[in-house]
Structure formats: structure tokens, C-alpha cells
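Going by the working numbering, the sequence shown opens with residue -4, and the numbers climb by one from there. All C-beta atoms, glycine included, are put in the ideal place defined by N, C-alpha and C.
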Amino acid sequence: MYLDYDTNGNLLSRTDQMNKTTSYAYDSQNNLLSITSPTGDTTSFTYDALGNRLTSKDPLGNITSYAYDSLGQIVAITNAQGRTTSL
-4 MYLDYDTNGN LLSRTDQMNK TTSYAYDSQN NLLSITSPTG DTTSFTYDAL GNRLTSKDPL
56 GNITSYAYDS LGQIVAITNA QGRTTSL
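What follows is the structure, given as C-alpha cells:
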């Protein structure tokens, strides 16, 4: 397995024994923006100004959203079907 990192220590790519590469992209705050599989499927993420993950979108377009309290603690996760889990 081969791992490639940027100067901030973020994983940029992972190539397995079959020479299949998964790629990772980050924003200027080192938040993970996307993961692209060897088949080209991409999962993407959005964040608020504090770096809290707001959404994740899978390759099929299903969006999961995340809610936080004033201390930045995650308090709820809502899946693509609209079901919310409170934490």
C-alpha cells in the first residue's frame, strides 16, 4: 500500500496492492472536502466557519446533515430519508 500526504499531514491518496487509488481533497482549513474512489465515485462534505461538518453527500446524492450546539458539540444527525438521531 502506498500513502501520499500533503505538507499539512493530510492524506491525499491511498493506492492499494491492486494499484487502485482513492483520492482525498481538503480546503484551506484542512477540512476533508471529498473522497474519490478508484471507480470515480465521490463522497463530498461541507463545513461551517468553525470547521464543523454540516453535510456529507454520498455518490448517489444522498445527503446526511449534522447539527451542533453553541459549544460545537454534535447534537443531531439527519439522514437522507429525513430521520434525525439526537445525541
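Within the region 9 to 77, the runs of beta strand (DSSP E) at least 3 residues long that lie entirely inside it are, in chain order, 16 to 21, 27 to 31, 37 to 42, 48 to 52, 58 to 63 and 69 to 73.
Rounded to the nearest whole angstrom, the CA to CA distance from Asn57 to Met(-4) is 30 angstroms. By the criterion of a C-beta distance shorter than 6 angstroms, Ser39 is surrounded in its chain by Ser29 and Lys52, once the five residues flanking it on both sides are discounted.
Judged by their CB atoms, Thr17 and Arg9 are nearer to each other than the 7 angstroms cut-off. Taking 7 angstroms as the cut-off, the beta carbon of Asn25 is found closer than this to the beta carbon of Asn5. Going by C-alpha positions, Asp43 is about 12 angstroms away from Ser60. Where Thr79 is concerned, the enclosing beta strand (DSSP E) starts and stops at Thr79 to Ser81. Around Tyr21, the same chain offers Asp1, Asn3, Asn5, Leu27 and Leu28 as residues with beta carbons nearer than 8 angstroms, after the five sequence neighbours per side are excluded.
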